[in-house]
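Right, one structure below, let's go through it.
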Amino acid sequence: MNILLALTLWSPLSLYLWARWRSVCAGYNVLFLISETIVLLVGCLNTHVLMEGTFRYEKKKESMIETPAWTALEEAGEIPHVLVIIPTYHEGVVVLQKTLEAIQRIDYSPERITVVVGDDGKDDDVQEFMHTSFPSFIYHRRMLLEGHAKAGNINDILFASEDTTMNYINHLLYPGDYVLILDCDMIPEPDILKNLLPFFWEKERSGEIKKNDQCAFVQSPQAFYNIHGFDWLGQHYLFFYQVVQRAYSGFHLGVPCCGTNVVFHRKTLMDIGGFQYGSVTEDFNTSMLLHSQGFISRYYTGKTAVGMAPLSLVGFYEQRKRWSTGGLQIVFSPLFYERVQKLPMVYKWIYTFSGASPFLAIFLFCLMLGPLLDLFYHRTFLCHLDGLHYLFFFLPYALVYLACLLYFHRSLSWKVMVTSFQETLFMVFLSLRFIASFVPKKLGFRHFTFKTTQKSLEEKPPPRERLSTFFILLPYILFYTCAISGIAMKGITGNGNRDRDGSFFVDTFWLVMIMAQLVPILFYVVQETVGGP
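Numbering-wise (this note's numbering), the sequence shown opens with residue 101 and increments by one.
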């Protein structure tokens, strides 16, 4: 299967790249070809990993070891104590209330669950709200640790002891063998614990139930209830949770952590010092350390909680900026190379690609400029390869890639496939801004800061946010203007009609494809402005 998969994916790509480099000429064409080669090689390798992981995931369903049902754990007397941690930072009581009300409805023995809200904003209103509306839950402010944003907030609860020291072995303030982490806007389903906890045990064909001490955490997807209308930006992240994470779970070590809707084995987490510092994406950093030490993770594909997505383009931008910055912090940390060396080859790729992927935007941007410049400087993009031969070599690779997309999205709607495809390019301009922000911070000229995702319920964005929206949109508007005017100019002057080598057709095709992939950002702003998100 691996050989057949490799031949199917890599043969048409190799043929296409051979034809492109065979027709190379001097000047900007070399830059375009280098960019195209990097983009296609990275894309093909990632597709290969996802395809192989998906095949392995399907095979795992038929393996001898399976996850026992919750009733089997109850019969065996395996009902662990769970510590539920809800970190919050200036999100307010309106958002928090829905989460706490849902936690009260969790179907689990009340004496076997401890709920702690970690208020990193030290908000007196939240404290009063907790004491009056949810007296059985615990309100916590920092006791031991300072800084480190969400990771420090969680660890302060995790390691809190009765004598206010880090001697957690015998003096834990908040009991719990397992730790459920929920973002403050995540509303859990009543069966969340009964669905996730069994993954820490294994049931063999003999019927024996054994605890898997190597399982460090169980991750589940995120879902969002405040996205109305068409999901232009793909904020349900169905491709990631239903395709990518499933594929990763097909490999031995399992999936990276996503920061919420996740249960950790507490002792394992505390043995590595809790959530790791050095990145604003503490979840990703922590799971990489656990995997590098040989621990595994499991993945539950069902819905366990629903939360709130950003309600504006600026909120979306800030959220993705934090994710990108966190990944880059990890990849460019000295500890990354120490840890990644201990990972199996496929996980070296998973963590490196996930962290460094914003840099792919540089090569995608160069590639986007190719057909645009070709309209003004003839033969810059295709060089010595005419349009007919270009299509002859490109179509086999395009068809194989399309077949892979259809396979990945076989259980999802066509809308998800379209937005997944569009995200490749509509994130380019945003990723370039993320890189421009990251580099001076990494060089020490500026400081890294943590900003929570804005999920306020304001109907109209403030003037400053509207200005930020304009600057986010500006490169998209400029590209549309240049592309449309370039196509029109070449068509009006008649050069397009004398397109004997087919270059004008190829340039126009790619520019139309690029504009189609950029359109979600523009449509989202229109939807946000006219009718709200």
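All C-beta atoms, glycine included, are put in the ideal place defined by N, C-alpha and C.
Based on the DSSP output, what are the partners of residue i in its beta bridges?
i	result
Tyr-337	Tyr-337 pairs with nothing; no bridge assigned.
His-365	Tyr-278
Trp-301	Lys-311
Leu-183	Thr-214 and Val-279
Arg-398	Val-318
Ala-323	Val-406
Leu-272	Ser-261
Between the C-alpha atoms of residue i and residue j, what's the straight-line distance to the nearest angstrom?
i	j	result
Lys-250	Trp-118	48 Å
Asp-224	Arg-305	54 Å
Asn-267	Leu-273	The pLDDT assigned to Asn-267 is 49, lower than 50, so where the model puts this residue is not dependable; a value taken from the coordinates is nonetheless given after this. Looking at the two C-alpha atoms, the distance is approximately 11 Å.
Leu-512	Gln-342	8 Å
Ile-238	Ile-206	17 Å
Val-619	Phe-526	8 Å
Tyr-399	Trp-121	42 Å
Val-130	Gly-591	27 Å
Asn-146	Val-184	35 Å
Thr-232	Gly-426	37 Å
Thr-213	Cys-284	Checking the sequence shown, residue 213 turns out to be Ile, not Thr. If you take the alpha carbons of Ile-213 and Cys-284, they lie about 17 Å apart.
Glu-438	Tyr-325	40 Å
Leu-485	Ser-123	6 Å
Gln-319	Leu-280	10 Å
Phe-416	His-328	15 Å
Leu-491	Leu-530	31 Å
Lys-159	Trp-332	34 Å
Asn-255	Val-215	15 Å
Gly-470	Leu-133	9 Å
Leu-611	Leu-173	57 Å
Glu-246	Pro-575	39 Å
Ile-179	Val-363	14 Å
Lys-448	Glu-302	27 Å
Phe-330	Trp-423	23 Å
Ala-503	Met-589	36 Å
Ile-103	Ile-396	27 Å
Leu-105	Trp-170	38 Å
Thr-524	Met-615	12 Å
Thr-401	Pro-321	6 Å
Leu-532	Glu-175	55 Å
Leu-625	Glu-382	For the sequence presented, residue 625 should be read as Val rather than Leu. If you take the alpha carbons of Val-625 and Glu-382, they lie about 31 Å apart.
Leu-258	Leu-443	27 Å
Met-230	His-391	37 Å
Thr-569	Thr-386	33 Å
Tyr-157	Met-151	10 Å
His-248	Leu-464	33 Å
Gln-345	Thr-593	50 Å
Asp-219	Phe-340	30 Å
Glu-628	Asn-295	36 Å
Thr-199	Ala-316	25 Å
Taking 8 Å as the line, does the beta carbon of residue i fall inside it for any heavy atom of the ligand FMN?
i	result
Glu-382	Because no ligand of any kind appears in the structure shown, any question about the ligand FMN cannot be addressed here.
Helix, strand or coil: how does DSSP classify residue i here?
i	result
Gln-204	helix
Arg-342	This sequence places Gln at residue 342; Arg is not what is there. Note: Gln-342 maps to helix in three-state DSSP.
Cys-504	helix
Ala-405	strand
Ile-577	helix
Gln-393	coil
Tyr-189	coil
Gly-328	The amino acid occupying residue 328 in the given sequence is His; Gly does not appear at that position. His-328: coil per DSSP, three-state reduction.
Glu-289	coil
Phe-317	strand
His-583	Residue identity check: residue 583 is Ala in the sequence provided, not His. It is helical.
Arg-546	coil
Ala-169	coil
Glu-178	coil
Met-527	coil
Pro-112	helix
Lys-442	coil
Ser-520	helix
Thr-608	helix
Pro-540	helix
Tyr-377	coil
Thr-360	coil
Taking 9 Å as the threshold (beta carbon to beta carbon), is residue i in contact with chain D?
i	result
Gln-197	Absent here is chain D; the protein component of the structure consists of one chain.
| Given 8 Å, three or more beta-carbon pairs between the stretch 288-297 and the stretch 402-418 | By the criterion of at least three beta-carbon pairs nearer than 8 Å, the stretch 288-297 is in contact with the stretch 402-418.
| Per the contact definition of three or more C-beta pairs closer than 8 Å, is the stretch 348-359 in contact with the stretch 533-549? | These segments do not touch.
| request: Pick out the complete alpha helix (DSSP H) segments inside the stretch 192-267, 4 residues or longer, and give them in chain order. | output: The qualifying runs are 193-204, 224-233 and 249-258.
| query | What are the uninterrupted segments assigned as beta strand (DSSP E) that are 3 or more residues long and contained completely in the stretch 456-518, given in chain order? | reply | For the stretch 456-518, there is no continuous beta strand (DSSP E) assignment of 3+ residues that stays within its boundaries.
| query | Are the stretch 378-385 and the stretch 412-430 touching by the rule of at least three beta carbon pairs closer than 8 Å? | reply | Taking one beta carbon from each stretch, the stretch 378-385 and the stretch 412-430 have 3 or more pairs nearer than 8 Å; the two touch.
| request: Flag this pair as touching only if the stretch 492-506 and the stretch 308-316 have three or more C-beta atom pairs under 8 Å; answer yes or no. | output: As far as the Cβ criterion goes, the stretch 492-506 does not touch the stretch 308-316, which means the pair count is below three.
| said: Check whether the stretch 190-201 and the stretch 135-143 are in contact - that is, three or more C-beta pairs closer than 8 Å. | reply: Proximity of the stretch 190-201 to the stretch 135-143 falls short of the contact definition, fewer than three beta-carbon pairs being nearer than 8 Å.
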